[in-house]
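The opening residue of the sequence shown carries number 1 in UniProt numbering; numbering runs sequentially from there.
Data block below; observations after.
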Amino acid sequence: MDRVIAKKKWSTKRLLTIAGIAGIVALIAGSIYFTSGKSRLNVDTERITISEIKTGSFQEFIPVNGVVLPISTIYLDAMEGGRVEEKYVEDGAMMKKDQPILRLSNTDLELQLANQETQVFNVLTQMQISKNNAEQNSINRQNQDAEVDNALKEAERVYNLNKKLFDQKVIGAQEFQSSKNLYDYQLRRKKLTEQIMKTDAVSMKQQVDQAGESYQQMKRTLTLMRKKVGDLIVRAPVDGQLTSLDAEIGESKNKGQRLGQIDVMSGFKVRVDIDEHYISRIFTGLVGNCDVAGKNYQLKIKKVYTQVLNGRFQVDMEFTGAVPESIRRGQTLQIRLALSDETKALLLPKGGFYQQTGGNWIFKVSENGKTAYKVDIQLGRQNPDYYEIVQGLKPGDKIVTSSYETYGAMQELILKK
């Protein structure tokens, strides 16, 4: 006898079909939710940094490193080449002005000095001989002039006497004419003698002047030569400390070669390296400060070196007030160089968020502290500690300042404690 079998309402095939349809519906719903709504992520508050927005004093500054140097450095170069014969002091010695440091020898220069001295002596001797000859010639001319004067007077006396006698017809015309001719001759001779004496005087003066100029020129050359020989002894140009001395006994040094330097120890300056990005904002008068041995000291830019090398340029800074007693040449100081005056501003602490947001947005914590959501912001100036907030936040707001590397694409963070 046949038996009626009841038909199953929930077969395996039907169950799989229903499950597939439900999965598709769930996927579509989830897609709609996440595309039309906000993407969320649970975040442990112990793994992020939450900071509060505050109003405070803001100053734009950059941290820079500087090396302590003497206030002034005088370089020692060899004025003349030579062989190092003697060292009077060693590197690091404290020097007084004109104190000898080392002695060079240069036989060629010393021989030139000896020759120059001989030439000066010869010129002086020749000048004395010329002077004596001129004086003797002057005496001879004066004697000749005296003779001419005497002959002229005698010829004038005879002429005047014969003229009277001729008028009285005591003597003949020939004798009178002879005395007149002699008188005229002596007159012309007197004028010629005076002219020769004047010419000789002018010539003698010119010779003496030329000899004097030549002698003075030789003396100046001799003085210069003696100075060149004197420069073989290298002396300290100012009071200070001798450093970087580079000379050993027996070593040859060329003219102009660097021998060392004198550091003026009356004060210090700080040579600072700065990134070329700031070159348009750096000028003399800008101030900075540094901490030495627990005390704060202020410095001011005195000189800017605009040459850029390896992406950096340099400035010289000097202490404006007290100078740290413990600093030494070559010491490195960490300086906060101010680029602006202190002003009141809304401050955002620096953090890793900037790498993902570029300062355009940030996660702001809700008032109940359970979530954090994206808000647009605008930042202004910055220093190593803070950003200046231009808009988007207000005092008291709490924001996430740690890195957004793992959830930068999220719209909202669910904060879990």
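Glycine included, each C-beta is placed from N, C-alpha and C at the ideal position.
If the criterion is Cβ atoms closer than 9 Å, does the pair Leu379 and Gly359 meet it? Yes, these two residues count as a Cβ contact at 9 Å.
So, under 8 Å CB-CB, Gly260 and Asp246 are touching, yes? Tell me the CB distance rounded to an integer number of Å. 6 Å between Cβ atoms; contact.
Using a Cβ-Cβ cutoff of less than 8 Å, which residues in the same chain neighbour Thr35 once the five nearest sequence positions on both sides are dropped? In this predicted model, Thr35 has a pLDDT of only 43, less than 50, meaning its place in the structure is not dependable; the value taken from the coordinates is given anyway. Counting only Cβ-Cβ distances below 8 Å, and skipping sequence neighbours, we find nothing.
Only counting runs of 3 or more residues, tell me where the beta strand (DSSP E) segments fall wholly within the segment 89-150, in order along the chain. 100-105
Tell me the residue span of the alpha helix (DSSP H) that contains Gln168. No alpha helix (DSSP H) contains Gln168, which DSSP labels as neither H nor E.
Do Thr343 and Phe61 count as a contact pair if the criterion is CB distance below 9 Å? no
Is the Cβ-Cβ distance between Asn115 and Gly82 less than 9 Å? no
Under 8 Å Cβ to Cβ from Gly408, same chain only, skipping five residues before and after it: list those, please. Annotation for Gly408: Gln356, Thr357 place their beta carbon closer than 8 Å to its own, counting only its chain and skipping 5 residues before and after.
Start-to-end residues for the beta strand (DSSP E) that takes in Tyr305: 295-309
Do Leu393 and Val375 have their C-beta atoms closer together than 9 Å? yes
How far does the beta strand (DSSP E) with Lys364 in it extend, from its first residue to its last? 361-365
Inter-residue Cα distance where the pair is Tyr88 and Met265: 21 Å
Measuring only the C-alpha atoms, how far is Ile414 from Thr371? 5 Å
Report yes or no: do three or more beta-carbon pairs, one from the segment 234-245 and one from the segment 159-172, lie closer than 8 Å? As far as the Cβ criterion goes, the segment 234-245 does not touch the segment 159-172, which means the pair count is below three.
Three-state class that DSSP yields for Phe34 in the structure shown: Only weak support exists for where Phe34 lies, its pLDDT of 47 falling under 50; the coordinates are left without a value.
Hey, would you say Asn289 sits closer than 9 Å to Ile335, going by beta carbons? yes
Rounded C-alpha distance that separates Tyr33 from Ile50: Confidence at Tyr33 is low in this model, with a pLDDT of 44, below 50, so the placement of that residue should be treated as unreliable; the coordinate-derived value is given next. Their Cα atoms are separated by approximately 29 Å.
Contact set for Ile18: own chain, Cβ-Cβ below 6 Å, skip 5 residues either direction: none
From this set, Gly267, Asp231, Gln128, which residue's C-alpha is nearest Gln210's C-alpha? Gln128
Where does Ala29 fall in DSSP's three states? For Ala29, the pLDDT reaches just 49, beneath the cut-off of 50, and the residue's location in the model is therefore unreliable, although a value from the coordinates is still provided. Here DSSP, grouped into helix, strand and coil, assigns Ala29 to helix.
Does the segment 314-329 come close enough to the segment 271-279 to have 3 or more Cβ pairs within less than 8 Å? yes
Which residues mark the beginning and the end of the alpha helix (DSSP H) in which Ile196 is found? Taken as a continuous stretch (DSSP letters only), the alpha helix (DSSP H) holding Ile196 covers 173-230.
Taking only the alpha-carbon atoms, compute the straight-line gap between Ser31 and Thr406 and give it to the nearest angstrom. Interpretation of Ser31 is limited by its pLDDT of 48, a score under 50 that renders its predicted location unreliable; no figure is taken from the coordinates.
Leu286, DSSP secondary structure in three states: coil
When the distance is taken between beta carbons, is Tyr159 closer than 9 Å to Lys191? Contact: no.
To the nearest angstrom, report how far apart Val234 and Arg381 are at their CA atoms. As the crow flies, the alpha-carbon of Val234 is around 55 Å from that of Arg381.
Best match in Gln144, Arg141, Phe176, Gln142 for proximity to Glu156 [C-alpha to C-alpha]: The shortest Cα separation from Glu156 among Gln144, Arg141, Phe176, Gln142 belongs to Phe176.
Whose CA, out of Tyr373, Asp263, Gln391, lies closest to the CA of Asp91? Proximity to Asp91 across Tyr373, Asp263, Gln391 peaks at Asp263, based on C-alpha coordinates.
Helix, strand or coil at Ile274 according to DSSP, with G and I counted as helix: strand
By Cβ distance below 8 Å, which residues in the same chain neighbour Thr306 in space, the five residues on each side in sequence not counted? Within its own chain, the residues whose Cβ lies closer than 8 Å to the Cβ of Thr306, once the five positions on either side in sequence are excluded, are Ile279, Phe313, listed in chain order.
How many whole angstroms separate the CB atoms of Val68 and Gln331, which I take to be in contact at a CB cut-off of 8 Å? 4 Å
Within 10 angstroms of the Cβ of Thr401, are there 16 or more other Cβ atoms? Answer buried if so, exposed if not. buried
With DSSP as the reference, label Arg47 as helix, strand or coil. Of the three classes helix, strand and coil, the one that applies to Arg47 here is helix, per DSSP.
Would Phe283 and Val308 qualify as a contact pair, given that the criterion is a beta-carbon distance under 9 Å? no
Measure the C-alpha to C-alpha separation of Val84 and Thr118 and round it to an integer number of angstroms. 27 Å
Pairs of beta-carbons, one from the segment 96-111 and one from the segment 221-236, closer than 8 Å: are there three or more? yes
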